[in-house]
Amino acid sequence: MSSPEEQSAEVQKGLAFGLGAFLIWGGLPNLFKLVDHVPALETLSWRTFSSIVFLLLLIAVTNRWRRLRTALRSKRLMGTLVITTALLGLNWWVFVYAVNIGEVLQVSLGYYINPLFSVLLGFFLLGERLSRLQVGAVLIAGAGVLNQTLTLGVFPWASLGMAVLFGLYGYVRKVAKVEAIEGLLIETALLSPFAIGYVWWLEAQGTATVSPDDSQTIFYLLVIGVFTAVPLIFFTEGARRLRLSTVGLLQYIAPTLHLVGAVWLWGETLTTTHIITFACIWLALGLYSTPSILAAFRAKS
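For the sequence shown, the residue numbers in this note's numbering are 5 to 305.
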């Protein structure tokens, strides 16, 4: 059994990984702006290819081949990773489909509903207990999301789909006994036949946007692959060390950065609805984190 000091160190590592993941995800739209001329599914296919290349290089540099072979030999683990691959792939598909039909607001809302779903999963499936203050925080955050949902005026099917799929992905990856790098490599490898098939179909139809001569776009897509893999690795490492409910609240960082980028970099309008929603979310974050902060101060004193 780990000592309290070791457990505290693991939690601190988890927070660092979690913050790293969501800060990167928060800035990722800026990178996608560089390849906004490439259709979403084609971009996702390239993300899969470049992620595999990056992860293979990472495993080679860190000499993790034995761990990879061990993971591949475990039938139970491979069955679990097939499930996580399906959840991740379906989440990406819902995202792409929603964007393609012009439901970007639903995509944005999905990022806000997802943390609440993670908190509920932690409470009901993992037995993670919440204080009254933390329950109040979840309810306040839920009120903010409800405010945003009612303002949209339509049933947020894509938002709920993304929230449920990625929430379940985080839960299953938390309990899967595999390191982050090896697990993600296996997941992207399982997705690769679909990515290869789609790109091959585009080439056969003569409708592929990315050509071998477009070195700049290919470079950007390769970079996107790296920044696809790194936050997922960080997310998995963080989720293994933190309560799922804590991970859920950390997930509000990315959409908040999306809002800042949308307003200050891309000139989008900040409405009263946005202000109310964000006020609820940040108040909830403050209330939720208060018990942990107080406990840390008591431990030091």
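Think of the CB as a built atom: it goes at the ideal place given N, C-alpha and C, for glycine as much as any other residue.
Model, not experiment: these values are computed from the prediction.
Extent of the continuous alpha helix (DSSP H) run through residue i
{"i": "Phe-53", "result": "44-66"}
{"i": "Tyr-318", "result": "Since the first and last residues shown for the chain are 5 and 305, residue 318 lies out of range."}
{"i": "Leu-253", "result": "248-254"}
{"i": "Ile-185", "result": "184-209"}
{"i": "Ile-257", "result": "257-268"}
{"i": "Val-230", "result": "219-245"}
{"i": "Thr-74", "result": "69-77"}
For residue j and residue i, the rounded distance between their alpha carbons
{"i": "Thr-260", "j": "Tyr-116", "result": "9 Å"}
{"i": "Thr-277", "j": "Ser-135", "result": "29 Å"}
{"i": "Val-264", "j": "Ala-145", "result": "19 Å"}
{"i": "Ala-147", "j": "Ile-279", "result": "13 Å"}
{"i": "Leu-130", "j": "Lys-178", "result": "10 Å"}
{"i": "Arg-77", "j": "Arg-70", "result": "11 Å"}
{"i": "Val-139", "j": "Pro-295", "result": "12 Å"}
{"i": "His-262", "j": "Pro-33", "result": "7 Å"}
{"i": "Tyr-101", "j": "Phe-223", "result": "25 Å"}
{"i": "Pro-197", "j": "Asp-218", "result": "24 Å"}
{"i": "Ala-208", "j": "Thr-273", "result": "42 Å"}
{"i": "Asn-118", "j": "Ile-28", "result": "17 Å"}
{"i": "Gly-93", "j": "Gln-16", "result": "30 Å"}
{"i": "Leu-289", "j": "Val-142", "result": "9 Å"}
{"i": "His-227", "j": "Trp-205", "result": "The sequence shown places Val at residue 227, rather than the His named in the question. Each residue's Cα considered, the two are about 24 Å apart."}
{"i": "Gly-271", "j": "Ala-75", "result": "46 Å"}
{"i": "Gln-255", "j": "Cys-284", "result": "15 Å"}
{"i": "Asn-95", "j": "Ala-64", "result": "29 Å"}
{"i": "Ser-49", "j": "Ser-249", "result": "32 Å"}
{"i": "Glu-183", "j": "Leu-59", "result": "12 Å"}
{"i": "Gly-210", "j": "Gly-201", "result": "14 Å"}
{"i": "Ile-257", "j": "Leu-137", "result": "20 Å"}
{"i": "Phe-159", "j": "Ala-167", "result": "14 Å"}
{"i": "Leu-72", "j": "Gly-157", "result": "47 Å"}
{"i": "Val-251", "j": "Glu-241", "result": "11 Å"}
{"i": "Gln-11", "j": "Leu-298", "result": "17 Å"}
{"i": "Leu-35", "j": "Glu-132", "result": "36 Å"}
{"i": "Leu-45", "j": "Val-267", "result": "26 Å"}
{"i": "Val-39", "j": "Ser-54", "result": "15 Å"}
Proximity winner among the options, relative to residue i (alpha-carbon distances)
{"i": "Gly-24", "options": "Leu-76, Gly-157, Val-234, Glu-272", "result": "Val-234"}
{"i": "Gly-126", "options": "Ala-258, Ser-293, Tyr-256, Ala-243", "result": "Ala-243"}
{"i": "Leu-169", "options": "Trp-97, Leu-48, Asp-40", "result": "Trp-97"}
{"i": "Leu-236", "options": "Gly-30, Gln-11, Glu-14", "result": "Gly-30"}
{"i": "Leu-253", "options": "Thr-275, Pro-216, Tyr-292", "result": "Tyr-292"}
{"i": "Thr-1", "options": "Glu-14, Thr-275, Val-267, Thr-240", "result": "In this structure the chain extends from 5 to 305, so residue 1 is not present and cannot be described."}
{"i": "Val-176", "options": "Phe-239, Leu-45, Val-39, Leu-137", "result": "Phe-239"}
8 Å Cβ cutoff met for residue i and residue j
{"i": "Thr-4", "j": "Val-230", "result": "One cannot answer for residue 4 here, as it falls past the ends of the chain, which runs 5 to 305."}
{"i": "Gly-187", "j": "Ser-122", "result": "no"}
{"i": "Val-203", "j": "Ala-212", "result": "yes"}
{"i": "Thr-232", "j": "Arg-68", "result": "no"}
{"i": "Leu-81", "j": "Ala-199", "result": "no"}
{"i": "Leu-246", "j": "Leu-91", "result": "no"}
{"i": "Leu-189", "j": "Ile-56", "result": "yes"}
{"i": "Leu-195", "j": "Gln-152", "result": "no"}
{"i": "Thr-88", "j": "Glu-191", "result": "yes"}
{"i": "Leu-2", "j": "Ile-185", "result": "The requested residue 2 does not occur in the structure, where the chain is confined to residues 5 to 305."}
{"i": "Leu-225", "j": "Thr-47", "result": "yes"}
{"i": "Val-149", "j": "Leu-120", "result": "yes"}
{"i": "Val-86", "j": "Phe-99", "result": "no"}
Residue i: CB within 7 Å of a non-hydrogen atom of the ligand GDP
{"i": "Phe-36", "result": "With respect to the ligand GDP, the structure offers nothing, as it holds no ligand at all."}
Inset, instruction - Evaluate contact between the segment 155-165 and the segment 12-24, counting only Cβ atoms and requiring at least three cross-stretch pairs below 8 Å. - result: Verdict: no, contact absent.
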